[in-house]
Every structure is written in structure tokens, then in C-alpha cells.
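Q: Top to bottom, those sequences are chains W and U.
For what it's worth, my numbering labels the leading residue of the first sequence as 762, then goes sequentially.
For what it's worth, my numbering labels the leading residue of the second sequence as 11, then goes sequentially.
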Amino acid sequence: MVPRPILSAGGLFPVRLRSPEVMGTPLADTYLSSVTCQYVRALLELAMEDRFSDLDGWVFAASCDHLRRLADNLLHVAPPNFLHVLDVPHRVGEEAITWLADELRNLCVKMEHQFGVDLSDEALTKAIWRENEVLSRLERIGRLRRDDPPALFGTDFHRLLAAWQVTPPAWFANTLGSLENALDSSTDRPPARARLMVCGSQIDQPRWIEVVESVGTVIVADRFCFGSIPGLEPWPVGVDPIRSMAEWLLVGSACPRMMERFDSRLERIQQVVREYRVDGVVVQSLKFCDLWGIELAALTRALRELGIPVLRLEREYGGGGEGQLRTRVQAFLESMGR
Amino acid sequence: MTRLYAGCDVGSTTGKVVILDDHQVVATALIPSEVDPADTARLALDLAASYLPDPSAARSLARLVGTGYGRNEVPFADENISEITCHAVGAQACNPSVRTVIDVGGQDVKAIALNPDGTVLDFAMNDKCAAGTGRFFEAMARILRIDLDRLSELSAAAASVAPITSQCSVFAETEVVSLIARRTPPPDIAAGIQLAVARRVYALARRVGVQPAVAMTGGCAKNHGLVLALQPLLRQELVPLDMDPQLIGALGAAVLARRKGMGR
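1. Could one say the Cβ of U:THR143 lies closer than 8 Å to chain W's Cβ atoms, at least one of them?
2. For U:VAL130, go through chain W and note every residue whose CB falls closer than 9 Å to its CB, in chain order.
3. Quick one: which unbroken alpha helix (DSSP H) runs of 4-plus residues sit fully inside the region 52 to 114 of chain U? Chain order, please.
4. Excluding the 5 residues preceding and the 5 following W:ASP790 in the sequence, name in chain order all residues of the same chain whose CB lies nearer than 6 Å to its CB.
5. Taking C-beta to C-beta, are W:LEU885 and W:ILE1003 nearer than 8 Å?
6. Please name the residue, chosen from W:ALA1059, W:SER1005, W:ALA924, that lies closest to W:ARG1022 on a Cα-to-Cα basis.
7. Is U:LEU164 near U:PRO126, with beta carbons less than 8 Å apart?
8. Take every Cβ of the region 765 to 780 of chain W, pair it with every Cβ of the region 797 to 807 of chain W, and state whether three or more of those distances are shorter than 8 Å.
9. Nearest chain U C-beta to W:GLU971 closer than 8 Å, yes or no?
10. When burial is assigned at 16 or more other CB atoms within 10 Å of the CB, is U:PRO106 buried or exposed?
11. Could you name the residues that DSSP lists as bridge partners for W:ALA982?
12. So, does the CB of U:ILE190 fall closer than 8 Å to a CB anywhere in chain W?
13. Applying the 10 Å Cβ sphere with the 16-neighbour rule, what's the burial state of W:ARG1018?
14. Run through DSSP, which three-state label would W:GLU994 get?
15. Taking only the alpha-carbon atoms, compute the straight-line gap between W:MET762 and W:ILE889 and give it to the nearest angstrom.
16. I'd like to know if the region 97 to 112 of chain U and the region 210 to 225 of chain U are in contact, where contact means that at least 3 CB-CB pairs between them fall below 8 Å.
17. Under 8 Å Cβ to Cβ from U:GLN256, same chain only, skipping five residues before and after it: list those, please.
18. Using a 10 Å radius around the Cβ and a threshold of 16 neighbouring Cβ atoms, would you call W:TRP925 buried or exposed?
19. Mind listing the chain W neighbours of U:PHE133? Cutoff is C-beta to C-beta under 7 Å, in chain order.
20. Please list, in chain order, the residues of the region 104 to 129 of chain U that have any C-beta partner in chain W closer than 8 Å.
21. Check each residue of the region 1042 to 1069 of chain W: if its Cβ is closer than 7 Å to any Cβ of chain U, include it; give the result in chain order.
22. Over what stretch of residues does the alpha helix (DSSP H) that includes W:VAL1090 continue unbroken?
23. Please decide whether U:TYR212 counts as near chain W, where near means a Cβ-Cβ distance under 8 Å.
24. Nearest CA to the CA of W:PRO841: which residue from W:ASP833, W:THR928, W:GLU883?
25. Below 9 Å on C-beta distance, what does W:GLN1085 contact in chain U?
26. For U:THR24, report the span of its beta strand (DSSP E) as first-last.
27. Taking Cβ-Cβ distances shorter than 9 Å, what residues in chain U pair up with W:ARG901?
28. Note down the Cα distance separating W:ALA1092 from W:LEU868, rounded to an integer number of angstroms.
29. Hey, is the region 247 to 266 of chain U in contact with the region 28 to 36 of chain U, meaning 3+ C-beta pairs nearer than 8 Å?
30. Please check if any C-beta of chain U sits within less than 8 Å of the C-beta of W:GLU1075.
31. If you reduce the DSSP assignment to three classes, tell me which class W:HIS851 lands in.
32. Please determine, among W:LEU865, W:THR978, W:ASN942, the residue with the shortest C-alpha to C-alpha distance to W:ARG765.
33. Mind checking whether W:TYR1037 and W:ALA955 have CB atoms under 8 Å apart?
34. Below 8 Å between beta carbons: does that hold for U:ALA182 and U:SER176?
35. Reducing DSSP to helix, strand and coil, say where W:GLU1075 ends up.
36. With 16 as the cutoff for other CB atoms within 10 Å, does W:GLU856 come out buried or exposed?
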């Protein structure tokens, strides 16, 4: 829930951290409990291995307690030059938007002071335009997944998303433009055994999607905390860019941390199932992700009551267990008669 | 000419083949797994073929379905189907009243809820952990320096059940070593091992709902001590299957091969 435009304004370069290559977390396990989310443990492990030393700062959103513990421990064992935690409300409403907008303004002030950059409304609006150019292209490419057969596999799209989160927006927009032209002419894909949607904890490992697709499926839509399709809608451009971003973050989030929003999250999934002609939904939570772990129990039941086939999975960060994943997905397809 | 259909279940510990004609089982085979799953499949099929009146008939099977963890590596399979579907189909072919299948294999444990027509309604599988699987039994039997059959017999003779609280195979080994050091009678330790696995299996079965009748498949279904420990937790008796429970996955694969081969 950290708005990328703020982190990309004034010549800054935003990177969403991931660590799919981590091989165990023995160092991080000393500081974090064994029931802490594996994504958080993996990031702390790499931080303790000094693998993030080229970063000038860290910005957190207090999305969940696990991320807060990462911030706490980072300050203790590998303190960065700049660390800021955004306090994000759990409800949507005028007061909550005002609160988050104030939080974002505080962040801007701190970053201007720390990095000597201009984060005025004008600079932020320019950054929003740059981000929106990428988001619009990603959204258009994502919409191609509605086709049957789609012009690209879910794996390809997730590779794009992984690249987007570590690439300067201007450069990435040009690359996406070339890709869009190439994809428009790709019409020779064989029909898939089933069109699936994936919901749940954020997936930043395209390999997981690839394994699911290896049994003949195609992932045509996903819905995580933020994104990816749908969920890449451009940022609103208003007279008060900070307040617009705050509103977008709170209303657009599909993270179960947002309270009293279950029905709207369910409705959105239903809408995507119809729009993207989804045959079945894979709901997955990252191991020890409390928020999605709880959400998925209710979500699984609700989707099944709607007659939508559901496969519920728990996922390990860092991969492994590919054979078991294939077996589960294949059995799910077979239970759907595919 | 009689048409033959086969199912080949390449598991982590054993390879199984069942051959059917249009009416019944005509040959079966069960062998220890080789390193290469393709070798396991070939050897198991050769052994099953040797039991046919004309072994060369196995070279012209109407259809063969591969299943098990090595299902993608069965070189002569016409298709592969997950072991979850195959165990469901196999168990129901033996007993049409079955609505829940508990498959305890060498490295996996699965609970499968069935629709009345034998299709899979829901399923749950263990994760990477070996607890509740044949591997767990093998590790415990090694510590007690007995074989798996003896483990089953021992638990039946227990006067009480030694508590084994850890679900982790590694930690459970430590507990068993401690129990041995305290001179706990081996039958009580064996009963504790059975109960530890039964509780793990029951927890998994609850995730899909335990609807009667319940059948147990896989190699561990032959462990009578496990059956006896599991039944009170399930609050019902496991229904018997008229075939070696370790062959049920291969049977299901063969039944599916026959259905497709006969156009059903």
C-alpha cells in the first residue's frame, strides 16, 4: 500500500522487494518467530546478508503485523539510512482518507528532506502521469487475457509484473509498447484445458504460476492485495494528488486487512469470473499470512455456494513442492471434468 | 480378442499395475520403486504381464493410464490422471457406498470426498512434511529395529499408549529414543506411533468432511494397528475393500482406462 508515484517522483526509483532466490532463512529465524510470514523472513534474511545495501531507503505500509516486525527488526539488525512506516487505516471513509493523506504528506516531507527531491503536488502529478502510462499499457495487455485462447499465458504476464516492479517507469513504458504490438498478432495459441483465476496473497514468483499452467491451464485473471488484473487501474489525477492517491489506495485494496469489505471483494471476484470466462478459482495464501489465511476460509465457502469451483492452496515462499502442486491442480481440473 | 486395459501407479515407495479385461481384474503387480520412475513402470507392467495366460497380450493393451507421483514418466501411458482421482475411482469400484477415501502412501497422505457418482468433490493433501505417511512409520520402525509388519503386530499387544506428541518425524524420533531409554514397553511405543499418525490423518480427513462410508487405501492401510487407532477418531469403522488397498490407485487408473477405451 505504498504509492509508487511518491517513490518515483523527483528522480527517485521505486523497487518492490522480493527474494524468490532465498535458500532458507536461518539468520532471520533468529529474530522472527516460526509463524511469521515467509516473505517477511526472506526479506530480513537478505537484508542481513547485506543484499539490499544499494537501497537508499525503505518505505513500509503497516499492512499487517508481519511487515511491522520486519521494519522493527530491520532497524535493529541492519538499520537503513531511511526507514518510514505508513500508518494505514483499516476502514474506508472520509476520516480514513484524510488520515492516510496526512500520512502520505508526512512521508513526502521526510523524503524531500532526506533525498533533496521535489515532491510538490506538481511533481507528484507528473509522476502519476508517468506511472499511469505504464499502468494503462499493462492494463491493455492484461485485457488480452480475456480472449480465448488468450494472447499470453499468466506466466508471461506475471514475468511482466515482476519486471515492472524493478524497472524505471519511462524505460518500461517503451518496452511494453513494443510488446503490445507483438501480442496483437499472436493468435495461434492452443485452447487451454481450463481458464483459471488466482486469488489471495501477493504472488511475486512467476514460477508458481508456471507450474499451475504446466498441467494445461491458463491463468487468465488474478486478484491479490493489489492487482494484478484487474487491479492495475491508473491512479486518479486530481487537484490534490495526495488525497486522490489515499482514496485510491483505500478503495482499490483487495487485501483482507481492510475491514467490512468482504462482500465487495467477493463481488469483484464474481465480476471477474464472468468477464474473463473463468472456469475455476485457485485461492491461495502464503504460509503464515494471517490475513489471507482467514479470508480464504470464508471466500472458499462463498464461492462454492455461488457454484464456482474452488481449489484452496497454501503456498511456500521460495518455491518447492512443485510435484504436489501439479497433483493438486490436475486433480482439481479432473474434478471439474476437464 | 479380449481387450485389456491397465493402470500403472508409480509411487514413491512402490510401483503398482492392475490389468482389467471388460469384466474383471486379470492381473496385478506390486514392486519396490526403482530410482527411475520409468523403470518402475516397465518392471511392474512386465511382472503383471507374466501373470496373464498370454504375457505378450500386455504389449497390445487397449489403453493404459499412468498415475502416482511418477505418472508423467510412464513411457507407455496413453494419458496420466492424478492419484487423487484414481484412488476415488478405485475405491468406489470396490465399494460403491464409499464417500470418503483416506489414502496413506509412502510420502503423501490424502483425504478425498466423493460425490455419489464417484467423482471427486473435495480433497486435502499433506504438505512437504512426512508426518502421517509411510515414511514416518519407516523412520519409527528403524528406531525400534523392527519391520513394518512387526510394528503393526506390536501395537495390538499394547497395555497402554505411550504419548508421542510431536508430529514432526525428526522430533518424534527423539521422543521414541527417550521412551526406549526410559524402558517403556515397545508395544506401548508402537501404539503411540499408531495414534500419532492416526491423529494426523484424522485432522486431514476432517478438512474434507468425513462422510460414511470411509475407506482407507495406500500401503499404510495394511497396517492394522493404524486402522484400529483411526476408527475411534473417525467414530466409525473403515469399510473393507475387496482388493489389496495398495493397488487401489492402479485399479482406479485401469477403470478409467477401460471407461475411456469403451467410450464411456
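Ideal Cβ positions, reconstructed from N, Cα and C, are used throughout, including at glycine.
The model shown is predicted, which means the values in this text are computed figures rather than measured ones.
A: With the structure as the only source:
1. no
2. ALA1092, PHE1093, GLU1095, SER1096
3. 93 to 104
4. none
5. yes
6. W:ALA1059
7. no
8. yes
9. no
10. exposed
11. Under DSSP, W:ALA982 forms a beta bridge with W:MET958.
12. no
13. buried
14. coil
15. 15 Å
16. The region 97 to 112 of chain U makes contact with the region 210 to 225 of chain U; the number of CB pairs closer than 8 Å reaches 3 or more.
17. Closer than 8 Å at Cβ, skipping near neighbours: THR24, LYS26, LEU40, THR227, GLY228, GLY229, ALA231, LYS232.
18. buried
19. ALA1092
20. ASP118, THR129
21. none
22. Start and end: 1083 to 1096.
23. U:TYR212 does not count as touching chain W.
24. W:ASP833
25. Residues of chain U with a Cβ closer than 9 Å to the Cβ of W:GLN1085 are, in chain order, TYR79, ASP118, MET135, ASN136, ASP137, LYS138.
26. 24 to 30
27. Those within 9 Å of W:ARG901 in chain U number zero; the least Cβ separation is about 36 Å.
28. 48 Å
29. yes
30. yes
31. coil
32. W:LEU865
33. no
34. yes
35. W:GLU1075: strand per DSSP, three-state reduction.
36. Flag for W:GLU856 reads exposed.
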